Amino acid sequence: MSNSSTFASFPCNFSTFQQQLPWTSCGTGTPQAWGNQTCVYTYLYADMSMTSGLLAADTSTFDGGAAVDGLAFGCGSFNQGLLDFNSSGTGITGFGCGALSLSSQLKVDNFSYCFTNITGSTPSAVLLGLPVNLYGSGGGGATVQITPLNMTSTFSYYLNLQSITVGSTTLQVPMSTFALKDDSITSGTIIDSDTSITLLPSTVYSLLHDAFVSQLNMMPVAVSAN
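Note that the sequence shown covers residues 1 to 226 in the UniProt record's numbering.
1. Can you tell me whether cysteine 26 is buried or exposed? The criterion is at least 16 other CB atoms within 10 Å of its CB, across all chains shown.
2. Hey, quick one: how far does the alpha helix (DSSP H) through threonine 203 stretch, first residue to last?
3. Just to confirm the assignment, what range does the beta strand (DSSP E) spanning leucine 159 have?
4. Between the stretch 108–118 and the stretch 58–67, can you find at least three pairs of beta-carbon atoms closer than 8 Å?
5. Since serine 77 is in the alpha helix (DSSP H), which residue starts that stretch and which ends it?
6. Kindly identify the DSSP beta-bridge partner or partners of asparagine 150.
7. Using the beta-carbon count (16 or more within 10 Å), is valine 40 buried or exposed?
8. If we ignore side chains and look at the alpha-carbon of each, how far apart do cysteine 12 and phenylalanine 73 end up?
9. When DSSP labels each residue in this structure, what does methionine 175 get in the three-state scheme?
10. Would you please state the rounded distance, in angstroms, between the beta carbons of phenylalanine 155 and glycine 98? I believe it to be under 8 Å.
11. Kindly indicate which three-state DSSP category serine 104 falls into: helix, strand or coil?
12. Would you please verify whether the beta carbon of isoleucine 92 is less than 7 Å from any beta carbon of chain C?
13. CB-CB under 6 Å to valine 68, same chain, minus the five flanking residues each way: which ones, in chain order?
14. Rounded to whole angstroms, what is the Cα-Cα separation between threonine 152 and methionine 219?
15. Taking Cβ to Cβ, would you say valine 166 is nearer than 7 Å to alanine 211?
16. Whose CA, out of Ser4, Ser49, Thr198, lies closest to the CA of glycine 70?
17. Name, in chain order, the residues that DSSP records as bridge partners for alanine 125.
18. Use the C-beta contact count for tyrosine 158: other C-beta atoms within 10 angstroms, 16 or more gives buried, fewer gives exposed.
19. Buried or exposed, going by whether 16 or more other CB atoms sit within 10 Å of the CB of serine 9?
20. Consider the C-beta atom of isoleucine 146 and the heavy atoms of the ligand ATP; say whether any pair is separated by less than 6 Å.
21. My output table needs one value for serine 87: the three-state DSSP class, helix, strand or coil.
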């Protein structure tokens with residue numbers, strides 16, 4: 001931070017800071033990393049990873065030399081869980097619906113990415129803003145398959161999941177099972193690139209399991225408890 005002439009921390013009265021983050025406080029100069037009257041945040045993730053630090057801004061430069069002034073980010077001083085970074089990682093980038101995510105700050109309404117092996121030398125590609133012609137059927141190019149999202153939440157991307165099909169078999173699950181209710185914590189269906197597995201209600205999983213096994217025509221393998 002001290003090597004950047006464009007770095008700046010946000011003051012406590014920054015309204016977006018208080019509205020977009022669940023836990024905030026005003027820096028008092030203790031610990032030493034936090035200056036007086038600066039925005040101090042604490043953010044807890046679903047896997048209990050946690051980060052706490054200053055909300056700051058700096059000029060960010062992207063591929064091709066495009067520079068964006070005043071891009072806000074969390075400068076974590078105390079990190080736990082998956083956010084306790086080592087030599088293989090230096091931070092995470094948010095692409096959520098909130099005002100402080102990278103995509104929201106850059107004012108792009110779509111993005112795409114292709115993550116490569118974390119131990120390989122090939123960099124991952126992130127595209128911010130897909131060309132308009134990818135959404136149409138004309139022009140002879142490939143088209144992007146899209147689905148409407150439920151934008152009720154400012155943090156998660158909720159899908160309007162209607163049914164699940166295995167081969168030609170559609171699972172007999174009421175649409176209400178996937179519906180987003182008032183309690184968005186335990187209802188609805190979200191898509192999350194940070195989660196590598198699919199989580200389903202137990203009743204839906206049982207139906208999916210049975211349909212999948214019935215079409216494999218293979219005997220299940222017994223798994224030893226050892």
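Note that the Cβ used here is the ideal one computed from N, Cα and C, for glycine as well.
Note that this is a predicted model, so its numbers are computed, not measured.
According to the data block:
1. exposed
2. 202–216
3. 157–159
4. no
5. From DSSP, serine 77 is part of no alpha helix (DSSP H) but of the beta strand (DSSP E) over 67–80.
6. Tyr158
7. buried
8. 15 Å
9. helix
10. 6 Å
11. helix
12. In the structure shown, chain C cannot be found, because there is only a single protein chain.
13. Ser60
14. 44 Å
15. yes
16. Ser4
17. Cys114
18. buried
19. buried
20. Inclusion of the ligand ATP in the displayed structure is not the case, the ligand content being empty and no account of it being possible.
21. With a pLDDT of 46 at serine 87, under the threshold of 50, the predicted position of this residue should be treated as unreliable, and no value is reported.
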